[in-house]
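Asker:
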Amino acid sequence: MQAQELDALRPAEGESLVFDTNPVLNERPTHYCPGCHHGIAHRLVSEVLHELGVAERTILVASVGCATFTYDYFNVDGLEAPHGRACAVATGVRRARPDAVVFTYQGDGDMAAIGMAESMHAANRGEKITGIFINNTVYGMTGGQMAPTTLVGQKTTTSRQGRSISNEGGPIRMAEIMAQLDGVAYSARCSLDSVKNVRASKKAMRKAFEVQLQGLGFGFIELLSGCPTNWHLDPIAANKRIAEAMMPVFPLGVYKDVTASVEADHA
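Structure follows, in structure tokens:
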């Protein structure tokens, strides 16, 4: 960024800076569609890594999907995993580099469909990694096909009449499934549709990294996100859909936190 552009971003007299960049998030033109929530999720990840002071030893394992180029946005070491294998690759990375902070960034197809086995077994083993799961109820990059999280009745390019319980079953609820596994130290579902929920998402994301840093096991956070392009909605309507259609099916909340009892004992 040019010096004059930086000057323009500095607060003028009488103004206060309430939102700033951080060195973990690279300044790049986005490749995401207008209204997509991946950018917000990236911002939260970068802030948490920066505030925890672990960026220099963090390794990202990127998935295949809309977030294929995730590593372009983060000023951390990263590598690309084959489709669905991010948790398996992250397992190898974390075991080879036990000093590193390792996280995966995956969509609902990558983690809950082709990568379901890798995700479940890594979590069940208690691998000391953090899994970030973007749930927008559709396969975004490949044209809007039905995902494991697609809502009942939702029309996609592969469910023209709408998803039905009898034909495709119901949507998979990953946060609840993860919470049942012994190796999972933290599992939560948050949303990126509002300022309030974005703030709550950051708090949960920090905890998902902290349990890894504390050596407690697998940390998991599911983020309800919008896909205006494949939903055929404008960004405002997409946010409304998250609140009105997704949250009743995917309730927000912390489903497991092994630190909760310890924190309560010290309160």
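Here my numbering is used: the first residue of the sequence shown is 1037, the next is one more, and so on.
Yeah, the Cβ is synthetic: ideal placement off N, Cα and C, and Gly gets one too.
Pull up the distance between the alpha-carbon of threonine 1166 and that of tyrosine 1222, whole angstroms please.
Answerer: Position 130 of the sequence shown, counted from the start, is the residue given in the question as residue 1166. Position 186 of the sequence shown, counted from the start, is the residue given in the question as residue 1222. So the two alpha carbons sit approximately 9 Å from each other.
Asker: From the DSSP output, which residues share a beta bridge with asparagine 1171?
Answerer: Stepping through the sequence shown from its first residue, residue 1171 is reached at position 135. For asparagine 1171, which the question treats as bridged, DSSP gives the partners Leu1260.
Asker: For a quick check, are the C-beta atoms of proline 1254 and glycine 1189 less than 8 Å apart?
Answerer: Counting from one through the sequence shown, the residue named residue 1254 turns up at place 218. Counting from one through the sequence shown, the residue named residue 1189 turns up at place 153. Going by the sequence as given, residue 1254 is phenylalanine instead of proline. Against a cut-off of 8 Å, the Cβ pair of glycine 1189 and phenylalanine 1254 comes out as no contact.
Asker: Looking at C-beta atoms only, is the number of pairs between the stretch 1064-1072 and the stretch 1116-1131 that lie closer than 8 Å three or more?
Answerer: Contact between the stretch 1064-1072 and the stretch 1116-1131 is absent, because fewer than three Cβ pairs lie under 8 Å.
Asker: Name the DSSP bridge partner or partners of leucine 1115?
Answerer: As a working note, residue 1115 is residue 79 in the sequence shown. In the DSSP output, where bridge partners are listed per residue, leucine 1115 has Val1097.
Asker: Are there 16 or more other CB atoms within 10 angstroms of the CB of glutamine 1250, so buried, or fewer, so exposed?
Answerer: What you label residue 1250 is simply residue 214 of the sequence shown in a count that begins at 1. Classification for glutamine 1250: exposed.
Asker: So, phenylalanine 1245 versus alanine 1211, is the Cβ gap smaller than 8 Å?
Answerer: The residue labelled residue 1245 in the question sits at position 209 within the sequence shown. The residue labelled residue 1211 in the question sits at position 175 within the sequence shown. No, the Cβ-Cβ distance between phenylalanine 1245 and alanine 1211 is not below 8 Å.
Asker: For a quick check, are the C-beta atoms of alanine 1122 and glycine 1089 less than 8 Å apart?
Answerer: Here residue 1122 corresponds to residue number 86 of the sequence shown, with the count starting at 1. Here residue 1089 corresponds to residue number 53 of the sequence shown, with the count starting at 1. In this structure, glycine 1089 does not lie closer than 8 Å to alanine 1122 by Cβ.
Asker: Where does the unbroken alpha helix (DSSP H) through cysteine 1072 begin, and where does it stop?
Answerer: Start at 1 with the first residue of the sequence shown, and residue 1072 comes out as number 36. Unbroken run through cysteine 1072: none, as it is neither H nor E.
Asker: Just to confirm before moving on: does the CB-CB distance between valine 1138 and arginine 1242 stay below 8 Å?
Answerer: Looking up residue 1138 in the sequence shown gives position 102. Looking up residue 1242 in the sequence shown gives position 206. No, Cβ-Cβ distance for valine 1138 and arginine 1242 is not below 8 Å.
Asker: Look at serine 1202 and leucine 1080 and say whether their C-beta atoms are less than 8 Å apart.
Answerer: For the purposes of this step, residue 1202 is taken as the residue at position 166 of the sequence shown. For the purposes of this step, residue 1080 is taken as the residue at position 44 of the sequence shown. The answer is no: Cβ separation not under 8 Å.
Asker: Just to confirm the assignment, what range does the beta strand (DSSP E) spanning lysine 1327 have?
Answerer: Nothing can be reported for residue 1327, as the shown portion of the chain is limited to 1037 through 1303.
Asker: By the DSSP assignment, the beta strand (DSSP E) with alanine 1224 in it spans what residues?
Answerer: Within the sequence shown, the letter at position 188 stands for residue 1224. From DSSP, the beta strand (DSSP E) with alanine 1224 extends over 1220-1227.
Asker: With a threshold of 16 other CB atoms inside 10 Å of the CB of serine 1227, please say whether the residue is buried or exposed.
Answerer: Taking the sequence shown and counting its residues from 1, the one referred to as residue 1227 is at position 191. That one is buried.
Asker: In or out: arginine 1133 buried (at least 16 other Cβ within 10 Å) or exposed?
Answerer: Residue numbering aside, residue 1133 sits at position 97 when the sequence shown is read from its first letter. That one is exposed.
Asker: What three-state label does DSSP hand threonine 1140 in the structure shown?
Answerer: On the sequence shown, residue 1140 is found 104 positions in, with the first residue counted as 1. In this structure, threonine 1140 counts as strand in the three-state DSSP scheme.
Asker: So, at 6 Å on beta carbons, what are the nonlocal neighbours of serine 1155 in its own chain, with the 5 sequence-adjacent residues on each side left out?
Answerer: On the sequence shown, residue 1155 is found 119 positions in, with the first residue counted as 1. If we look at serine 1155 and ignore the five residues flanking it on each side, its Cβ neighbours are Cys1123, Met1147.
Asker: Using a Cβ-Cβ cutoff of less than 7 Å, which residues in the same chain neighbour threonine 1066 once the five nearest sequence positions on both sides are dropped?
Answerer: Stepping through the sequence shown from its first residue, residue 1066 is reached at position 30. Closer than 7 Å at Cβ, skipping near neighbours: Gly1075.
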